[in-house]
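Colleague: No gaps in the numbering here: position 51 of the sequence shown is 735 in my numbering, and each next residue is one more.
Positions of the beta carbon are idealized from the N, C-alpha and C atoms, including for glycine.
Can you read through this structure? Questions will come right after.
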Amino acid sequence: MDSPVLAAIYHRRSIRTFTAEAVDRELLHEIVKAGIWAPSGLNNQPWRFVIVTDPALRGKLAQETRYSHIVVAAPALIAVYLDRNAMYDEVKDHQAAGACIENMLLAAEALGLGAVWLGQILKNKENVRLLLELPEGLELMAVIAIGHPDRRDQRSNRKPLDHFIIKEL
Ligand SMILES: Cc1cc2nc3c(=O)[nH]c(=O)nc-3n(C[C@H](O)[C@H](O)[C@H](O)COP(=O)(O)O)c2cc1C
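Below you can see the structure in the form of structure tokens.
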């Protein structure tokens, strides 16, 4: 099947090493734009973003995760938040955040960039909020590390379809 959307879905890999080249601000904004075009319950759009390119701040954020090498190496980070004041349903708003993050990863792939969804840093989400000088009421969903990939030979795998399809009626 010849579809650019399916190609992005299947070709996207988590990219954890990057060249030193900066990522253009317009590309970062395009990635955020793809995120905000994700579906959300009642179209409430509960997501908020912090874009970080400052190396000193990246260094501080790196100390909040065991994946510090990725955070330091990535020229850009986008922290994805849910705004508690914009939320209406705990489960559905978290599902929307996941859709938003996946849209952003696919956009990075489509733009020729590499990205990885960092979740382990949520362990220290309160420290991250303070480092980013954000008010309470914003809940960290993920940090996306973004850059120009230094290689493109990453492999991943999935179990076969019949592992996941419980039944077809
Ligand atoms: C909720 C979530 C949290 C993740 N957290 C991390 C993380 O902290 N560090 C990391 O290197 N990768 C993280 N990943 C990326 C996964 O390891 C990766 O998606 C998985 O191994 C499949 O590889 P692929 O993305 O290349 O297909 C996370 C992915 C998700 C969806």
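(1) Any heavy atom of ligand 1 within a distance shorter than 8 Å of the CB on Leu712?
(2) Rounded to a whole number of angstroms, what is the C-alpha to C-alpha distance between Leu815 and His753?
(3) Any residue with its C-beta under 5 Å from a non-hydrogen atom of ligand 1 counts. Can you list them all in chain order?
(4) Which complete beta strand (DSSP E) runs does the segment 749 to 827 hold, if anything under 3 residues is left out?
(5) Write down the C-beta distance between Gln838 and Ile715 rounded to the nearest angstrom, noting that I regard them as a contact closer than 8 Å.
(6) Where does Ile785 land, buried or exposed, given buried means 16+ other C-beta within 10 angstroms?
(7) Do the segment 685 to 703 and the segment 823 to 836 make contact, defined as three or more Cβ pairs closer than 8 Å?
(8) Going along the chain, which residues of its own chain have a beta-carbon closer than 8 Å to the beta-carbon of Ala704, five neighbours each way excluded?
(9) State the DSSP-derived secondary structure class of Ala718, mapped to helix, strand or coil.
(10) Can Arg742 and Val764 be called in contact, C-beta distance under 9 Å?
(11) Val707 to Glu852, Cα distance in whole Å?
(12) Leu893 to Leu766, Cα distance in whole Å?
(13) Output yes if chain C places a C-beta closer than 9 Å to the C-beta of Thr749; else output no.
(14) When you compare each of Gln779, His695, Arg768, Val755 to Ala722 by their alpha carbons, which one comes out closest?
(15) Looking at Leu711 and Leu795, is the spacing between their C-beta atoms short of 9 Å?
Modeller: Quick answer:
(1) no
(2) 18 Å
(3) Arg697, Ser698, Tyr751, Trp801, Leu802, Gly803, Gln804, Ser840
(4) 760 to 767, 798 to 802
(5) Their Cβ separation, rounded to whole angstroms, is 19 Å, which puts Gln838 and Ile715 out of contact at 8 Å.
(6) buried
(7) Touching, per the Cβ criterion.
(8) Pro759
(9) helix
(10) no
(11) 45 Å
(12) Absent from the structure is residue 893, since the part of the chain shown begins at 685 and ends at 853.
(13) You won't find chain C in this structure, because it holds only one protein chain.
(14) Here the closest residue by C-alpha is Gln779.
(15) yes
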